[in-house]
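*Asks:*
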Amino acid sequence: ILRRGTTLVDGLSRGIVLRKMLNAPAPEGKFAVLKDGAKISIDSANYQRYNYLVETLEALDTDSIVGLFHFLRPLLEQAYGELGYPPEKVDKAFIAALDQILAAPFPLQPVYLTQESVNYKFADPSLEALSPLQKQLVRMGPTNTKRVQDKAKEIREALLK
194 ILRRGTTLVD
204 GLSRGIVLRK
214 MLNAPAPEGK
224 FAVLKDGAKI
234 SIDSANYQRY
244 NYLVETLEAL
254 DTDSIVGLFH
264 FLRPLLEQAY
274 GELGYPPEKV
284 DKAFIAALDQ
294 ILAAPFPLQP
304 VYLTQESVNY
314 KFADPSLEAL
324 SPLQKQLVRM
334 GPTNTKRVQD
344 KAKEIREALL
354 K
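Just so we're aligned, residue 194 is where the sequence shown starts under my numbering, counting upward by one.
(1) Of the residues Gly334, Leu261, Ile294, which one's Cα is nearest the Cα of Pro300?
(2) With a threshold of 16 other CB atoms inside 10 Å of the CB of Val283, please say whether the residue is buried or exposed.
(3) Taking DSSP as the reference, what is the three-state secondary structure of Tyr278?
(4) Straight-line CA distance for Leu236 to Gln271?
(5) What's the call for Ser206, buried or exposed, on a 16-neighbour Cβ count within 10 Å?
(6) Examine the Cβ distances between the segment 229-243 and the segment 200-218 and report whether three or more of them are shorter than 8 Å.
(7) Tell me the start and end of each unbroken beta strand (DSSP E) in the segment 279-313 that is at least 3 residues and wholly inside, in chain order.
(8) Across the segment 311-322 and the segment 254-274, are there enough close Cβ pairs to call them in contact, namely three or more that are closer than 8 Å?
(9) Report yes if the C-beta distance between Gln342 and Ile294 is below 8 Å; otherwise report no.
(10) For Ala252, count neighbouring C-beta atoms within 10 Å of its own C-beta (all shown protein chains included) and say buried if the count is 16 or more, exposed if not.
(11) Measure from the C-beta of Asp343 to each C-beta in chain C and report whether the shortest distance is under 8 Å.
Right, here's the structure in full:
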């Protein structure tokens, strides 16, 4: 479990969501869009698909998370070292993962898309240039993104005490 968690944090610190490591159920339903002539945008009804993930994150006790991190630090350092990194840098990886979350923008609504075959891309090049993690947060909607960022900020501040 610690290896999986450390691998997940390593990915998040680089802006990558390693879904296999997350081991959480995918949101129900399909990604919803609105089409208005040639314009395609994210359907705001889509955002509720992520509520359960956000509510689960918010329910986690920050002091318990930080206490567990400090208690498990030697094992986390070992697992991080097994990934080929200096073990003592595991703290920085956790902070970098939280910073990736905190750096996600709140784009103006609606968020326009372009369609490339069956996949959608953000029409705004600055959104398309975001890390996969930050793109996922944009797809979750501004309210959910803010809630995730609030929890990330709380954890970050507690880790740095």
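Even glycine gets a Cβ: it sits at the ideal position worked out from N, Cα and C.
All of these numbers come straight from a predicted model, not from anything done at the bench.
*Replies:* With the structure as the only source:
(1) Gly334
(2) buried
(3) coil
(4) The sequence shown places Asp at residue 236, not Leu. Within the model, the alpha-carbon separation for Asp236 versus Gln271 is close to 43 Å.
(5) buried
(6) Segment contact: the segment 229-243 against the segment 200-218, fewer than three CB-CB distances shorter than 8 Å; contact not assigned.
(7) 305-309
(8) no
(9) yes
(10) exposed
(11) Of the protein chains in the structure, only one exists, and it is not chain C.
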